[in-house]
């Protein structure tokens with residue numbers, strides 16, 4: 133099989149069924165039920181629901197990075213929710229007609245593990261809500277070393293931490309008006325690992341978006357761009 137790589141440099145070549153079976157055999161009963169049999173954990177019971185630490189969420193089966201704490205929000209549904217994945221190519225969407233409903237199931241692109249569902253009632257800028265099972269994820273706190281299976285293929289020998297960045301990436305900040313629009317276009321750039329909206333400067337600690345929009349806090353809407361300098365400058 134020809135290897136397949138995501139835009140952000142990860143190996144997303146589908147694993148053979150025999151390899152998935154070996155990995156799944158190491159899972160807890162709950163994780164196995166969720167990822168291999170499309171199960172759903174009870175609402176408000178997942179161990180990652182109220183996790184507010186910074187870091188990255190990877191597939192519990194194969195280790196592929198799926199979601200970042202930067203994109204996590206409180207949906208008040210009882211399951212961990214995100215408004216975008218770390219890379220759209222790391223997620224596979226599938227129509228789910230179980231239980232008399234029509235939903236969009238989300239699966240790990242590399243091992244096919246059931247993760248949850250995605251809905252169109254999320255916050256800006258995507259308007260999407262990725263509803264996840266905690267049992268389908270493993271969390272690595274920011275600064276913690278990542279295992280080889282969670283590293284970009286181009287840097288499997290490098291030292292990488294749970295920011296999702298390798299030693300070869302660089303960071304740039306851009307302040308240029310509405311950050312939602314800027315973030316959207318940066319995400320489309322080849323070599324861009326991540327684009328994160330936020331604020332810079334200012335004299336108010338932890339301002340809300342509404343406060344910044346008044347123009348009285350001194351903040352500038354800014355997009356933090358993490359990129360691979362060998363692919364984009």
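Numbering (the working numbering), first residue to last: 133 to 365.
Ideal Cβ placement from N, Cα and C applies to all residues, glycine included.
| Asked | Found |
| --- | --- |
| Residues in the same chain with beta-carbon distance under 6 angstroms from residue 267, minus the five sequence neighbours each way, listed in chain order, please. | 162, 163, 166, 173 |
| Can you look up residue 267 in the DSSP assignment and give me helix, strand or coil? | helix |
| DSSP state of residue 232, grouped into three classes? | helix |
| Mind checking which residues open and close the alpha helix (DSSP H) that includes residue 162? | 161-169 |
| Exposed or buried, which one is residue 208 when buried takes at least 16 other CB atoms within 10 Å? | exposed |
| For residue 289, which residues from the same chain have a beta carbon less than 6 angstroms from its beta carbon, with the 5 sequence-adjacent residues on both sides left out? | In this prediction, residue 289 has a pLDDT of 42, which is less than 50 and means its spatial position is unreliable; nothing more can be read from the coordinates. |
| Using 10 angstroms around the beta-carbon of residue 231, count the other beta-carbons present and answer buried if the total reaches 16, otherwise exposed. | exposed |
| Are there 16 or more other CB atoms within 10 angstroms of the CB of residue 303, so buried, or fewer, so exposed? | exposed |
| The beta strand (DSSP E) with residue 353 in it runs from where to where? | 351-359 |
| Buried or exposed for residue 279, going by 16 or more other Cβ atoms inside 10 Å? | exposed |
| State the DSSP-derived secondary structure class of residue 241, mapped to helix, strand or coil. | coil |
| By alpha-carbon positions, which one of 330, 240, 320, 357 ends up nearest to residue 345? | 330 |
| Could you give the DSSP three-state label for residue 314: helix, strand or coil? | helix |
| Judging by CA-CA distance, which residue of 217, 169, 261, 141 is the nearest neighbour of residue 211? | 261 |
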